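For the record, the sequence lines run as chains A, B and C.
When the count follows the working numbering, it moves up by one through the first sequence with no breaks and lands on 859 for the last residue.
When the count follows the working numbering, it moves up by one through the second sequence with no breaks and lands on 291 for the last residue.
When the count follows the working numbering, it moves up by one through the third sequence with no breaks and lands on 293 for the last residue.
Ideal Cβ positions, reconstructed from N, Cα and C, are used throughout, including at glycine.
Quick caveat, the model's predicted, so the values are computed rather than measured.
This report concerns only the one structure given below.
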Amino acid sequence: MKLAIPASGPTLDDQVDNRFARAPYIILINPEDGETSSLANPYAQEGGGVGPRVVQLLVQNQVTHLIAPRIGGHAETALLATGITVFMWEGSGSVSSAIELYKAGKLAAMTQTS
Amino acid sequence: MHIVIASGKGGTGKTTVAVNLAFILSTEQRVVLADCDVEEPNLHLFFQSQVAEKDVTLPVPDIEKSTCILCGKCGEFCRYGALIVLNDQVLQYPNLCHSCGGCSMVCPVGSISERPEIIGKIQVSDPDPSLHLVTGVLREGSIHSPAMIRAVRKELSSDDLVILDAPPGTSCAAMEALEGCDLCVLVTEPTPFGLHDLMLIYQVVRMFEIPVAVVINRNDNQDTGVESFCREQSIPVILKIPFDRDIALKQGRGRIISRDDPVWREPFSRMAMESLKLAGA
Amino acid sequence: MLQVAVVSGKGGTGKTVVTGAIAARFSGSVVMADCDVDASNLALLMMPDIIQTEPFYGLNRAVIDPKKCVLCGVCADNCRFNAISVSEKRVDVNQVHCEGCGVCEFICLAKAVKLVPYICGEVRSGNTRFGPFIDGKLNPGNGNSGLMVHTIRKKAREISPDIPLVLIDGPPGIGCPLISTVTGCDIVLLVTEPSSSGRHDLERLVTVCKSMRCRLVMVINRADLVPDGTHDLRVFAKEESIPILCEIPVDPMVVQATRAGVPFSLSDSPATRMIQNVVEFIQNELKEE
Ligand code: SF4
Ligand code: SF4
Ligand code: SF4
Ligand code: SF4
């Protein structure tokens, strides 16, 4: 599996960014072996329609799980179509703290209806 | 001859001016009134009558699933996120599409053709034998105000006397309504905010090299800024509408003050004559 | 940090004047952010000293390299926005009409076209006598105000993180810029006016704010102008469970102060006494933070 987290910087110590599609970085983690990498978000500063394009980017990078804050309508339908499991992120904290919460099973998965 | 009524921002009384100007002119000759404020058209509230409608469309991609090889090229090309390629499908967002036609060009197997997508409708009516009303109504949630305004303007002949009501502000949509007109009447208020917004839109109108006139609404004769700006720039002020509860009330109830209130007929008539002259009639 | 957005649906309700009046009463503990980027007027009231101006980039624009271009005209034929004109000597891209779609870049065999970031406005920050101030301005004919709003709000949060209140003058309408403005705000203050024309806009605005899970409160401005209209607004607010913090009467003082470029709440008048209710409401919220 591969977990994606939008972040304000390229490392695990950076904050989870409170916007999904315009976060400057996306951190990719394999929680099983702990391998991480980061992706500069090419759409962070672009005009419209960035939500779907970031979802496309996740698919191209074989992402299966995502921790994200409030997600725009277009990105949401795109995520549903991909089958990526989305975990809601509220509040603030670093990427590593988000991973801890995820591992502890403390993040709620977003369902089709919400 | 096309006369456009515009303002630097909403709520200045642009509608009042468009409605009364069109009404007064229509007592003398045939007038076409075009509502280009397509996100919030409201001229029809003042001129109610039977309307005929037609849809306005833009081409959006239509993907043939059976031949698509999911190569990803169209999704990479589209700058607007209007289509994205996932593992098992191409997902489309027609309301984000700008109809640039690029995706069908890049598809290596010719799976993309185009189909019309409705972005809004045009309503036409004849509330009076000498007044023809054309209204553009953008579909809720559509981003295509400029295309919608282009569609409204296609309905207008350059031989007619046309009054256009432009969307407020200096957006791309407002520019679509301004371009190529013979006169632009800017409606403003005599406050520092009014002046600031007036200066912004004046810049744009200047860019198009259109003659300009100003109407001051909610006037209380205490203004310093707007009138001196107009003097400096040699912009004629063709009407001042006082701040008046009675006007606000009537206007809010869909009444045409130059028709229903004899006091108002004369000033609007003078403004109408002045406008025609400035537009080069 | 408490984020309060002042919005109005339709324009012309006095939203900016109300924002300024509130800000003046939180002198020293407020950051002001003008997110009405198509008509940024708050600066006219708050008179900031601008310290920094940064360019703001929007959609890309096509640029043609005359050294590579062979004047074949294929790009112009394929541009659906009529943005390219070809003459015998040169090819020009109209920067207003170009939407940065990239078709010309794709179609040009001479590889003469490049899409480059295009400056479509600026974001400014500075100080007023009441506190830090941020605003932005889009050049005429440019969209993308949603992204600009996001940029301004981010700056407002970062400029003085110790200041407890961020007060936002929001954009009209219910489009992308409005949504970017109210997203994540603690309180949305609706400034309404009792004329019938704004009613439909107000209903749509409330629907949008509620769907964003915003907490709504209302102010009725020029409340004595159209009495039945004010009554309707009260009924509407009740149905929607939106508390009305105050009803501001038509007050010559407001017009005078605005004209002089000062927030009206700096001197005593009926309108100022009304604004006091909003001030107290926000003070309570700040205490609870
Ligand atoms: S026509 Fe242009 S904007 Fe529309 S989907 Fe295709 S590439 Fe995107
Ligand atoms: S470019 Fe054509 S083949 Fe490739 S994914 Fe798009 S539609 Fe399918
Ligand atoms: S397609 Fe390329 S070479 Fe031809 S006119 Fe356009 S820019 Fe020049
Ligand atoms: S980028 Fe698109 S809109 Fe701009 S000039 Fe090229 S084809 Fe036209």
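Three or more beta-carbon pairs separated by less than 8 Å link the stretch 121 to 140 of chain B to the stretch 56 to 65 of chain B, which places the two stretches in contact. Relative to ligand 3, the nearest heavy atom lies less than 7 Å away from the CB of I111(C). Taking all protein chains shown into account, V74(C) has fewer than 16 neighbouring C-beta atoms within 10 Å of its C-beta and is therefore exposed.
In this structure, the C-beta of G85(B) stays at least 7 Å away from each heavy atom of ligand 3.
When DSSP states are grouped into helix, strand and coil, E780(A) belongs to the strand group. Residue burial annotation: T234(B) is exposed, with fewer than 16 other C-beta atoms found within 10 angstroms of its C-beta. The closest CA to that of I79(B), considering only M115(B), W274(B) and G120(B), is found on G120(B). At least one CB of chain C lies nearer than 8 Å to the CB of R815(A).
With a threshold of 8 Å between beta carbons, T57(C) makes no contact with chain A. Among the CB atoms of chain B, none fall inside 8 Å of the CB of P121(C). Taken from the Cβ of I153(B), every heavy atom of ligand 4 lies 7 Å or farther away. Closest by C-alpha distance to T201(B), out of L288(B), I226(B), G20(B) and D170(B), is I226(B). The three-state secondary structure of S140(B), taken from DSSP, is coil.
Checking the 7 Å criterion, the Cβ of L75(C) is within range of a heavy atom belonging to ligand 3. When E242(B), L93(B), N97(B) and E186(B) are compared, the shortest CA-CA separation from F218(B) is found for E186(B). Residue-level contact check: A843(A) does not touch chain B, since none of the beta carbons of chain B fall below 8 Å from its beta carbon. In the three-state reduction of the DSSP assignment, G112(B) falls in the helix class, which pools H, G and I. Rounded to the nearest whole angstrom, the C-alpha separation of V90(C) and D96(C) is 6 Å. Within the DSSP secondary-structure output, C250(C) pairs in a beta bridge with V223(C). Relative to ligand 4, the beta carbon of V107(C) is positioned inside 7 Å of a heavy atom. Contact check for V70(B) and S109(B): beta-carbon distance about 6 Å, within the 8 Å limit, so the pair qualifies. As the crow flies, the alpha-carbon of L237(C) is around 23 Å from that of E49(B).
Below 8 Å, too few C-beta pairs join the stretch 146 to 162 of chain B and the stretch 252 to 272 of chain B to call them touching: fewer than three.
In the three-state scheme derived from DSSP, where H, G and I count as helix and E and B as strand, H810(A) is classed as strand. The nearest non-hydrogen atom of ligand 2 is 7 Å or more from the C-beta of C88(B). Here P59(C) is exposed: its Cβ has fewer than 16 other Cβ atoms, across all protein chains shown, within 10 Å.
Across the stretch 82 to 114 of chain C, CB contacts with chain B closer than 9 Å involve N82, C83, R84, F85, V100, H101, E103, G104, C105, G106, V107, F110 and I111, in sequence order along the chain. By the CB criterion at 8 Å, D255(C) and S273(C) fall inside the cutoff. Identification of chain B residues near S199(C) by a Cβ-Cβ cut-off of 7 Å yields A258 and G262, ordered along the chain. Taking the Cβ of G91(B) as the reference point, every heavy atom of ligand 4 lies at 7 Å or farther away. Within its own chain, the residues whose Cβ lies closer than 8 Å to the Cβ of P769(A), once the five positions on either side in sequence are excluded, are A752, S753, G754, D762, A785, N786 and A789, listed in chain order. Below the 9 Å Cβ cutoff, chain B contributes no neighbours of H810(A), its closest Cβ being approximately 15 Å away. For L229(C), the secondary structure class from DSSP, reduced to helix, strand or coil, is coil. The DSSP assignment places 34 to 38, 53 to 61, 65 to 68, 88 to 90 and 95 to 97 as complete runs of the beta strand (DSSP E) inside the stretch 34 to 97 of chain C, in order along the chain (cut-off: 3 residues).
Within chain B, the residues placing a beta-carbon under 8 Å from that of T827(A) are L96 and N97, ordered along the chain. Cα atoms of K159(C) and D139(C): separation of roughly 10 Å, rounded to the nearest angstrom.
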